């Protein structure tokens, strides 16, 4: 686990900022998203594991925002249409290939 410096936000601070952004921007699409409950889960995961795992909705949103905020990418206008394939549970190249 990386150690924060005075100028570097902690993982929990970064998670809080990301979850707040997620709540603000996804509220119309995900009315059931409860940022307080999710933040409690994230805090617990960070305390126990030193990291946390994004939900599939958070992973998709993070990828979309990264594309949207990429100033050098001229083709980013349809950023909301980006889809992801979540293969985090796959442990080998063969299992990823079979899932395609």
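Numbering (the working numbering), first residue to last: -3 to 96.
We put the beta carbon where it would ideally sit given N, CA and C, even for glycine.
Only a predicted model underlies this, so the values are computations on that prediction, with no experimental measurement involved.
Residue nearest to residue i in terms of C-alpha spacing, selected from the options
i	options	result
residue 34	14, 24, 45, 60	14
residue 43	29, 31, 56, 8	8
residue 79	95, 90, 52, 91	52
residue 32	12, 45, 22	12
residue 76	60, 90, 88	60
residue 23	57, 6, 45, 10	57
residue 62	36, 4, 17	17
residue 21	90, 54, 50, 4	54
Span of the alpha helix (DSSP H) around residue i
i	result
residue 13	7 to 22
residue 74	Run containing residue 74: none; DSSP gives neither H nor E here.
residue 95	89 to 95
Spatial neighbours of residue i in its chain, beta-carbon cut-off 7 Å, leaving aside the 5 residues before and after
i	result
residue 66	72
Close-in-space but distant-in-sequence residues of the same chain around residue i (CB under 8 Å, 5 per side omitted)
i	result
residue 28	none
residue 19	29, 31
residue 95	81, 83, 86
Contiguous alpha helix (DSSP H) assignments of at least 4 residues, all confined to the segment 29 to 56: If we require 4 residues or more, the alpha helix (DSSP H) runs fully inside the segment 29 to 56 come out as 31 to 45.
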